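Numbering (full-length UniProt numbering), first residue to last: 1 to 293. For glycine and all other residues, C-beta sits at the position ideal for the given N, C-alpha and C. All values derive from a computational prediction rather than experimental measurement.
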Amino acid sequence: TITYRGLRLEDTFNKTESYQCNANSTLKFNSTEVHNISVAAAVSNFTIQSVNTSSFGKHCKDDTPTTVAPTTPTTTPAPTTPKPSPEQNFSCSYNTTTKFRLIGIFSLSITYNATNQSKTVTVDVPKVPASETNCSSESNESLTFKFFDNWSIEYIFQSKGGNKYYVSNITITYVHDEHLPNSTNPNTTATVRFSKPDYLEASTSGYYTCHARTSLAIDEVRKENRPALLETETQHKTCGTQHRTLTECSNDEQTSSVVPIAVGAALAGLVVIVLIAYLIGRRRSRKAGYESV
Numbered sequence: 001t002i003t004y005r006g007l008r009l010e011d012t013f014n015k016t017e018s019y020q021c022n023a024n025s026t027l028k029f030n031s032t033e034v035h036n037i038s039v040a041a042a043v044s045n046f047t048i049q050s051v052n053t054s055s056f057g058k059h060c061k062d063d064t065p066t067t068v069a070p071t072t073p074t075t076t077p078a079p080t081t082p083k084p085s086p087e088q089n090f091s092c093s094y095n096t097t098t099k100f101r102l103i104g105i106f107s108l109s110i111t112y113n114a115t116n117q118s119k120t121v122t123v124d125v126p127k128v129p130a131s132e133t134n135c136s137s138e139s140n141e142s143l144t145f146k147f148f149d150n151w152s153i154e155y156i157f158q159s160k161g162g163n164k165y166y167v168s169n170i171t172i173t174y175v176h177d178e179h180l181p182n183s184t185n186p187n188t189t190a191t192v193r194f195s196k197p198d199y200l201e202a203s204t205s206g207y208y209t210c211h212a213r214t215s216l217a218i219d220e221v222r223k224e225n226r227p228a229l230l231e232t233e234t235q236h237k238t239c240g241t242q243h244r245t246l247t248e249c250s251n252d253e254q255t256s257s258v259v260p261i262a263v264g265a266a267l268a269g270l271v272v273i274v275l276i277a278y279l280i281g282r283r284r285s286r287k288a289g290y291e292s293v
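Next up, the structure:
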């Protein structure tokens, strides 16, 4: 207890400790001689301690820190890895005979007019549960697979001279919906076409394959005058059930040629290293023989 000239501090503390009040606070003193008399003192950075003080002691109530509720540490979600596009597998049979089969991974890269800018997005084709096929004609066969809301890709297959088989037309239909955000032509439908007399050409008794990812420009969008790209990967096109002759795309052929070249170069380097090691070892053995003589 602190008493000064008949006034006693209301707050109490041990005499071997100090009393501190760093905040702007009001201390009240009561009279020890006359009842019902008190004095208030405005203080700041106020400290009282005696000569016997050995440690810091009590703080005034205004120095007591406000209790803060513990915060739950926020966790940053792990980055999500985009899922690869699913592989599609389409075929058409006529009179119990498989006329063609198309296997591949498909995605579209579409450039369109968005708000205040030109924008390009990649749209992966989801797994298509069913398709529309027609292979009753010997010279003209078709495959159409639909996805989303009124999106579709159509392939037209034709034969050449009875021994060649190729894709003559590809037609893509898409809608300016949520897959093309902020489009300046919302809810409009665009159709683009590709036509070539020998695209993916292969023998009628074989198949065409392309494991490399390839892009094909499908015409140009009429309203925007920008191309749409059909991107394919691990694509196989077969005709009938006889798959004896293999036709590879140019990208696969380049990849195939790199492997034997790399292996040959590694073997040549290994031969050189062995030869150098042999010559060094032989020279050292001959030198050791001279010294012993």
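The beta strand (DSSP E) runs lying completely inside the segment 172-236 and spanning 3 residues or more are 189-203, 206-210 and 214-218, given in chain order. Taking C-beta atoms under 8 Å as the contact rule, threonine 122 and threonine 111 fail to qualify, at a distance of about 11 Å. Separation of the CB atoms of threonine 247 and alanine 202 is rounded to 4 Å, and the pair is thereby assigned contact status at 8 Å. In the three-state scheme derived from DSSP, where H, G and I count as helix and E and B as strand, serine 25 is classed as strand. With a beta-carbon spacing of about 10 Å, threonine 214 and glycine 104 fall beyond the 8 Å limit used to define contacts.
In this structure alanine 228 is buried. Its beta-carbon is surrounded by 16 or more other beta-carbon atoms within 10 angstroms. Straight-line spacing of the CA atoms in aspartate 63 and asparagine 24 works out to 9 Å. DSSP places glycine 281 in the helix class (H, G or I) of the three-state scheme. In the three-state reduction of the DSSP assignment, serine 85 falls in the coil class, being assigned neither a helical nor a strand state.
A check of alpha carbon separations from proline 197 across Ile280, Ser183, Phe157 and Tyr208 identifies Phe157 as the nearest.
In the three-state scheme derived from DSSP, where H, G and I count as helix and E and B as strand, asparagine 251 is classed as helix. Its Cα nearest to that of valine 175, the residue Ile153 stands out among Ile153, Phe194, Gly161 and Ser168. Under the DSSP assignment, alanine 114 falls in the beta strand (DSSP E) whose first and last residues are 97-114. Annotated as distal: phenylalanine 100 and serine 107, with beta-carbon spacing of 9 Å or more.
Collapsing the DSSP output to three states places valine 121 in a strand. Note on geometry: alpha-carbon atoms of leucine 180 and glutamine 117 lie some 13 Å from one another. DSSP lists Phe100 as the beta-bridge partner residues of cysteine 92. Distance from the CA atom of isoleucine 48 to the CA atom of lysine 61, rounded to whole angstroms, is 15 Å. For valine 128, the secondary structure class from DSSP, reduced to helix, strand or coil, is coil.
When the five nearest sequence neighbours on each side are left out, the beta carbons in the same chain lying within less than 7 Å of the beta carbon of glutamate 132 are those of Thr144, in order along the chain.
Around asparagine 182, the same chain offers Ala114 and Thr115 as residues with beta carbons nearer than 7 Å, after the five sequence neighbours per side are excluded.
Annotation for phenylalanine 145: the continuous beta strand (DSSP E) segment containing it runs 140-147. Residue pairing for serine 18: DSSP places it in no beta bridge.
The alpha-carbon of isoleucine 280 is positioned some 59 Å away from that of alanine 217. The criterion of a C-beta distance shorter than 9 Å is not satisfied by tyrosine 165 and threonine 209. About 6 Å separates the CB atoms of serine 85 and valine 125; that is less than 8 Å, so the two are in contact. Per the C-alpha coordinates, the member of Phe194, Leu200, Arg193 and Ser109 positioned closest to cysteine 249 is Leu200. Taken in chain order, the complete beta strand (DSSP E) segments of 3 residues or longer contained in the segment 147-171 are 151-160.
Within the same chain, and ignoring the five residues on either side of threonine 188 in sequence, the residues whose Cβ sits closer than 6 Å to its Cβ are His176. A direct Cα-to-Cα measurement between asparagine 150 and histidine 211 gives close to 29 Å.
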